[in-house]
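First comes the structure, then the notes that go with it.
Numbering (my numbering), first residue to last: 105 to 284.
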């Protein structure tokens, strides 16, 4: 078991069943909960929860970065069905869950994996060539419609990171030159 100070994923979720210690359902905030069903001996990071709250994506660094997913029946249940998707880290998904932006571990480029429905697997990630490759870019947020991407990248002087954005008109269009 990991200690509370380890790099495990934790979330502020109600206990299984959603009941307070008195047995009544409540909306009061809970203490953070270590999601032991997701954690490994690696370094878990960058969790992303779907809009429904029923699917989670995250990265693990062990011998290499890997993106994983798991799901649950309701917001009060534990996540089950932990599944390895592909190599990469920093997953960020569109509101409909059909596009995943991530960092490819070999090139450190932002890549995109897509699928036609939530029941289908993601395609192999492909590099978004219009986005900068230098400065260790890392996606941090995407608009619900998938047309605006926010990412950070290392400053040219290597002293910290800057926030950048890129836009496209439709999901089939190329990204316009990123701006800061």
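Where a beta carbon is used, it is the ideal one built from N, C-alpha and C, also for glycine.
It should be emphasised that the depicted structure is a prediction, and the values quoted were computed from it without experimental measurement.
Taking contact to mean 3 or more Cβ pairs, one atom from each stretch, closer than 8 Å, check whether the region 209-227 and the region 174-183 are in contact. The region 209-227 is not in contact with the region 174-183.
Can you find the residues in the same chain that come closer than 7 Å, C-beta to C-beta, to residue 169, ignoring five residues on each side of it along the sequence? Non-local beta-carbon contacts of residue 169 in its own chain, meaning distances under 7 Å to residues more than five positions away in sequence, involve 163, 191, 192, 193 and 209 in chain order.
Under three-state DSSP, which class holds residue 185? Reduced to three states, the DSSP call for residue 185 is strand.
Residues bridged to residue 55 [DSSP beta-bridge criterion]: Outside the modelled stretch of the chain, which goes from 105 to 284, sits residue 55, for which no answer is possible.
Candidates 195, 278, 156 and 184: which alpha carbon is nearest residue 246's? Taking only the C-alpha atoms, the option nearest residue 246 is 195.
Leaving out the 5 sequence neighbours to the left and right, which residues in its chain are closer than 7 Å to residue 205 when beta-carbon positions are compared? Only 196, 214, 216, 243, 246 and 253 meet the Cβ criterion.
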